[in-house]
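First the structure, in the form of structure tokens, and then the observations on it.
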Amino acid sequence: MDEHRTAGPAPAEVAGDDRILHELVTHLRNERPALRQEWARRITDASLLSVMTQSEVFSEVTAAYDNYVSALETGSVETLQTYARDLSERIIPRGVDTDEVLGIVLLLRDVLARSLFVRYQDDREMLDRVLDAYEPAANRIAVTVGVSFVQERERVIREQQVAIQELSTPVLQVRERLLILPIIGMLDSDRARQLTEQLLGAIQSHRARVVVIDITGVATIDVTVANHLVQTVEASRLMGASAIITGLSSRIAQTLVDLGVDLSMMRTVGDLQGGLEEAERLLGHRPAEAEDVAREPVGG
Amino acid sequence: MRVAVLRQGDYLIASIQSDLTDSEVVALRELLLERVGRFRCRGVIVDVAALDVIDSFVARALASIATTARLRGADTVVVGIRPDVAIAMVHFDIDLHPLRAALDLDEGLAALDTLTGGSRDAR
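If you read the protein sequences in the order shown, they are chains A and B. Position 300 (the first sequence) corresponds to 300 in this note's numbering; numbering is contiguous. For any residue, its number in this note's numbering is found by taking its place in the second sequence, counting from 1, and adding 300.
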């Protein structure tokens, strides 16, 4: 707004700016069909919005044009902001990028400015004053649209992060007092901490006595995360639940030993199946007799 | 002291009602050890469900209650540690191995039965 005022030649002429703005808006309204067409053509020429069909682009262009002109007229960007958010919400899932959105807005700015040049080319002084009124408003609109788009995208990203976090650590009850926590993908400190909290909460609500933490799906592990795992096991124990770790890959096992992580407190079993059998034993459910017999000679 | 110590068969149940000062924690340990001897207890349950915070001093004291009670012939189970308290406790640089834990009083009694092979009267 300040920029707008200082752009005016003298305070006395500030009142005149409104008149000029009005004339400018009237001009843009009169030329609407032609300018809209020109804008849509230049969008296509620049191969922007390639994910949308021609008719979609045209209807979007119409709505955007009207919003743009009314934002110029009123100086209020709120309606435009809402429109830009709404538009972003629709086009972000289709893979429209920030540079495309900014490119489109700047194209409209140029198309309109070009039309103003043509309209006032014979009156140099008038052209100056019209541009003084037009430029700051147009720039503010460009900034508003760009910011709205980025904010909307950040909102989507935040939502997805929350969704991913919830999905990434399911705590499953297999039977009474027995939980499984399958961990898949990258484990970093944040996720390990979140995982611990979720697991302990589940131990409390399910009254679990044994939890099987399966890390078959974890490719690598570092010292920090390994220590987190040890702490998770220890915290589970303090809540009265024994933890069994299963699915340590040979690579992770070697890494842990090379790193010197103390795993003596951890109860580890080769695979998930073995982990569940061990869990059943801890819970006092005897596995099938035949299996016991088969195991005897090996153990003895 | 804000601790209720009850005797239940061969077991002592110490229920901590609110945060304890360091000297009260030390006094609790003495009291429990004395009772273990006097009543020939074979199990001790320390219920900390009422505690929002367990600091390193209390955590160490709980571990030492477990170790010393074992020397006098009783197994100790701490019950009612909350999730956030558990997370805090594992970050202390304290050896918590002597400490056995269970979710709540019921589980604690069941754990003691397993550890001691059931109450003496029942045998």
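We put the beta carbon where it would ideally sit given N, CA and C, even for glycine. Keep in mind it's a predicted model, so treat the numbers as computed, not measured.
Taking 7 Å as the CB-CB cut-off, is residue i touching chain A?
i: B:Ala-359; result: no
i: B:Asp-413; result: no
i: B:Glu-330; result: no
i: B:Leu-250; result: Because chain B spans 301 through 423 in this model, residue 250 of chain B falls outside it and cannot be assessed.
i: B:Ile-381; result: yes
i: B:Val-336; result: no
i: B:Val-390; result: yes
i: B:Glu-324; result: no
i: B:Arg-423; result: Note on B:Arg-423: pLDDT 40, under 50, position unreliable in the model; the coordinate value appears next. Cβ-Cβ to chain A under 7 Å: no for B:Arg-423.
Taking Cβ to Cβ, would you say residue i is nearer than 7 Å to residue j?
i: A:Leu-21; j: A:Ala-133; result: yes
i: B:Val-390; j: A:Ala-243; result: no
i: A:Ala-208; j: A:Arg-177; result: yes
i: B:Phe-339; j: B:Arg-372; result: no
i: A:Val-111; j: A:Glu-197; result: no
i: B:Val-379; j: B:Leu-399; result: no
i: A:Val-223; j: A:Leu-259; result: yes
i: A:Ala-40; j: A:Val-69; result: no
i: B:Val-344; j: B:Leu-396; result: no
i: A:Val-269; j: A:Thr-246; result: yes
i: A:Leu-181; j: A:Leu-199; result: yes
In chain B, which residues lie less than 8 Å from residue i when you measure between Cβ atoms?
i: A:Glu-60; result: Going along chain B, no residue has its Cβ under 8 Å from A:Glu-60, so there is no contact; the nearest lies around 50 Å.
i: A:Gln-231; result: Ile-387, Val-390, His-391
i: A:Gln-204; result: Arg-382, Pro-383, Leu-403
State the DSSP-derived secondary structure class of residue i, mapped to helix, strand or coil.
i: A:Val-25; result: helix
i: A:Thr-144; result: helix
i: A:Ala-208; result: coil
i: B:Arg-338; result: helix
i: B:Gly-309; result: coil
i: A:Ala-10; result: Any reading at A:Ala-10 needs caution, since the residue's pLDDT is 43, under 50, leaving its predicted position unreliable; the model's value is listed next. Residue state, collapsed to three classes: coil.
i: A:Asp-292; result: Its pLDDT being 42, under 50, A:Asp-292 is placed unreliably by the model, and the measurement read from it follows with that caveat. Residue state, collapsed to three classes: helix.
i: A:Gln-182; result: What sits at residue 182 of chain A in the sequence shown is Pro, not Gln. Reduced to three states, the DSSP call for A:Pro-182 is strand.
i: B:Leu-331; result: helix
i: B:Ala-349; result: coil
i: B:Gly-408; result: helix
i: B:Asp-375; result: strand
i: A:Ser-88; result: helix
i: A:Arg-251; result: helix
i: B:Ser-356; result: helix
i: B:Ala-401; result: strand
i: A:Gly-217; result: strand
Please confirm whether residue i has its beta-carbon closer than 7 Å to some beta-carbon of chain B.
i: A:Arg-281; result: no
i: A:Leu-200; result: yes
i: A:Gly-240; result: yes
i: A:Arg-85; result: no
i: A:Arg-207; result: yes
i: A:Pro-297; result: With a pLDDT of only 43 at A:Pro-297, under 50, the local geometry of the prediction cannot be trusted, and the value read off the model is given with reservation. A:Pro-297 does not count as touching chain B.
i: A:Asp-292; result: Model confidence at A:Asp-292 stands at a pLDDT of 42, short of 50, so the residue's coordinates are unreliable; what they give is reported in the following sentence. Output row for A:Asp-292: interface = no.
By the criterion of Cβ-Cβ separation under 7 Å, what are the contact partners of residue i in chain B?
i: A:Thr-196; result: Ile-387
Please list the partners that residue i has in chain A, where partner means a Cβ-to-Cβ separation under 9 Å.
i: B:Leu-396; result: Glu-234, Arg-237, Leu-238
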